[in-house]
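Okay, so here's the structure we're looking at.
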Amino acid sequence: MGKVILVLSDALGYKAAVDGMGFLGHLVELRRASLYKIVGELPSMSRPMYETTHTGVPSWEHGVVSNLVVRRSKMPSTFQAAVDHGKTTAAAAYYWFSELYNRAPFDFVNDREVDDESLLIQHGRFYFKDEYPDEELFCDAALLVRRFNPDYLLIHPMGMDNIGETYGADSSQYRNQAIRQDVMMSTLVVEWLERGYHIIVTGDHGMNNDRAHGGTAPLMREVPLFYIPSQGLGEGNTESLLSHLQLAPTVCKLLGVPIPETMKASPFV
Ligand SMILES: [Zn+2]
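Printed below as a string of structure tokens:
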């Protein structure tokens, strides 16, 4: 039984993360954390990957095959599994997560901030501008931790995606945003570990040099996965590959709730 924070950094490519995220790299070097590479599921688009990372099934199966599919999820999800077993859920995330797991379409006034135990994302702070600053998003999330002590918290910053689609992956702006996110997370990670959280940091997809993603090339597919257990040691740089499909069953296992039958991939812990 544990509590989990998933930082799903939008468009956090593998190379930018490993090169730029020095605090997380420090934890890997000390073997306090584990580092894996994910060869991402397809298409390397946001809404399909939000659903894949939270249901553990591929796009073809869950049906959210592009960003244009605007509806609630029809599959058992991490949020559903948690709530069904009495866990508290929360998210500081882009409004598409509200559409997938709370209500669709998004009501820009009513749905932006919710505290409602009948919802799958019970404590939600949803933004709808891609430019919403990562600093504010991390503070939104940190307050959810201090105020509600959720068992599962999704943190979903958009900075890498917004900057990547403006300047491309081969830009100082994109590379430096990874450094900024690492700095923002560092003190919070210390606090969250003290509060007993297991922490996972990964991306939904990467970014190419043409300021886009969606395809199959490594820059668009390869994302990091840092796993920091609440206590004890990690495995350092494992130099091994994981699948996005393993995220949802892993979160369920860490939460101590039954893994839905539809999540067929093996947990990585
Ligand atoms: Zn995305």
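Number 619 marks the last residue of the sequence shown (our numbering); no jumps. Here a beta-carbon is modelled for each residue, glycine too, at the ideal position from N, C-alpha and C.
- Under the Cβ criterion (8 Å, minimum of three pairs), the segment 527-534 does not count as touching the segment 572-585.
- Within the model, the alpha-carbon separation for residue 594 versus residue 486 is close to 27 Å.
- Listed in chain order, the beta strand (DSSP E) elements of length 3 or more contained wholly in the segment 527-582 are 547-553 and 572-578.
- Taking non-hydrogen atoms of ligand 1 into account, the C-beta of residue 570 is found less than 7 Å away from none of them.
- Note that the C-beta distance between residue 588 and residue 384 is below 8 Å.
- An exposed status is given to residue 436, since fewer than 16 other beta-carbon atoms sit within 10 Å of its beta-carbon.
- Around the beta carbon of residue 351, fewer than 16 other beta carbons sit within 10 angstroms, so the residue counts as exposed.
- The beta carbon of residue 395 is closer than 8 Å to those of 416, 417, 555, 563 and 564 in its chain, skipping five residues each way along the sequence.
- DSSP places residue 418 in the coil class of the three-state scheme, outside both helix and strand.
- Around the beta carbon of residue 558, 16 or more other beta carbons sit within 10 angstroms, so the residue counts as buried.
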